[in-house]
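Residue numbering for the sequence shown follows my numbering, beginning at 18 and increasing consecutively.
Even glycine gets a Cβ: it sits at the ideal position worked out from N, Cα and C.
Remember, predicted model here, so these are calculated numbers, not experimental data.
One structure is given here, and the rest of the page talks about it.
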Amino acid sequence: MSESLLTLRESKTSPVGSRFQAICALGEIATKTAKTGSTYFEAVIADATDDIKIRVFGDSPVKPVLTSLKAGAIVRVGGTVSDFNGRPDLKVDSLTPITDAERADPAIMGKLTPVSQHDPVKMKSELLGIVSRIPHAGLRATVESALEEHGERFYEAVAALGMHHAYRHGLLEHTLRMAKCAEALLPLYPKVDHSLSVAGIVLHDMGKVQEYSRLEPGMAKAGFTRAGNLHGHLVLGAFIVRTHGTKVGLEASLMERLEHILLSHHTMREYGACATPSTPEAVFVARIDDLDAKLSAVEEELRKAPPGAEFMPLRAIDGQLLITPPKTGA
């Protein structure tokens, strides 16, 4: 009798010693050296719920199959749930490419692609409502012009490849949450210009529509495009601002400030910023971006946490995240 398919998240929370089968996308395969000097292979497998690293040693029956495949292959993975340094681990002992029948099954392929838990139609409507409330006509027109050209990709795109909102409609979700934060906070900071801030937020990651490839149904992860590798989304976004600001006749001084928001929103050059935030609006946008990115990563880790876990390592905070909720009765 064949084993039922599980998601990676379900597999990781299954009892130690139990068997699992999952259909996943294969990520990059790397050759590693163990402390003993022997070599082994490390690969990432991913579905809509999680991604994990698997290790394949020289005597594994999986090795010849793994080394014959390329990143992006869709595979059926089987193995045993185990424990590694107190954390759930999946020991893979079978790996085969999926069949043509499985590839044609939308129920199977749909489980590979991570998607926002929020309704994209509603999110788009909310964001356009916020754009319509931008007071300055030229900045509002610049945003509307950019969305008119790039909206189809923008509304479906991922916001990142792994750190936060790394799923379909993730860029829309991230941008909307930032815009909502801005509308709530702007009354507290009268020296921060409303129009520049909201325009900067809506456009701050617009370059990602050109930086990342499409995350199509049946894919577990997006990747970098040629333009993404050569320029990055900060510069690509500034190109978009220049194009559409010029198109609608935006004043040069405002275009300069708007471009600065995009080029500086990573806060520091060490984090990829082209410049450090040097206007009130640039500081405002960069900090809201960091807040939403980090809290999104926290939320995702809480969703992934196995039962009984107390702490989980989280790259976004460069430390250990306390998983157990506070006992406030809420």
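From the options, residue whose alpha carbon lies closest to that of residue i
i	options	result
S313	D100, R194 and P81	R194
T242	L83, K225 and K321	K225
L275	A303, G249 and H248	A303
R120	M236, V82, A299 and N102	M236
I69	V82, A269 and I40	I40
L107	L319, L23 and K344	L23
Residue i versus residue j: straight-line alpha-carbon distance, rounded
i	j	result
A124	S77	30 Å
E233	T113	22 Å
D222	T53	45 Å
V92	A154	51 Å
Y288	P294	12 Å
D335	R286	18 Å
I46	S99	22 Å
L220	A196	11 Å
S85	P330	32 Å
P297	Y206	9 Å
Y172	K238	17 Å
E200	A63	36 Å
C198	I305	7 Å
I71	Q337	22 Å
A255	A176	17 Å
I115	K80	17 Å
Nonlocal neighbours in the same chain, by C-beta distance under 6 Å from residue i, ignoring five residues either side
i	result
P131	A65 and Y184
E166	none
G95	Q38 and S111
T159	H261, G262, V265 and L267
L156	S212 and A216
N- and C-terminal bounds of the beta strand (DSSP E) containing residue i
i	result
L267	That residue, L267, is in no beta strand (DSSP E); it is neither H nor E in DSSP.
L312	Where L312 is concerned, there is no enclosing beta strand (DSSP E), although the alpha helix (DSSP H) it sits in stretches over P297 to K321.
L339	G336 to L339
L331	F328 to L331
Contacting residues, own chain, Cβ-Cβ under 7 Å from residue i (five flanking each side not counted)
i	result
L203	V209, H211 and S214
T341	E327
R26	T66, D67 and K321
K50	Correcting the residue type first, residue 50 is Thr in the shown sequence and not Lys. Excluding positions up to five away in sequence, the list reads T56.
K264	S162
P323	K29, T30 and P105
L83	I46, F58, A60, V73 and L112
Beta-carbon contacts of residue i that lie in its chain and below 8 Å, excluding the five residues immediately before and after
i	result
A311	Correcting the residue type first, residue 311 is Lys in the shown sequence and not Ala. Result list for K311: H181, A333 and I334, in chain order.
V252	G224, L280 and C291
G34	T97, V98 and S99
Range covered by the alpha helix (DSSP H) that runs through residue i
i	result
K49	Element bounds for K49: not the alpha helix (DSSP H) but the beta strand (DSSP E), R36 to T50.
G217	H211 to L220
G187	G187 to L202
G245	R243 to L247
V226	K225 to E228
Residue i: CB within 7 Å of a non-hydrogen atom of the ligand GTP
i	result
A269	This structure simply doesn't include the ligand GTP, nor any ligand for that matter.
Alpha helix (DSSP H) runs contained entirely in the stretch 116-183, provided each spans 4 or more residues: 117-120, 123-126, 137-149 and 154-173
field: In chain order, each beta strand (DSSP E) run of at least 3 residues that lies wholly inside the stretch 62-120
entry: 68-74, 91-101 and 104-114
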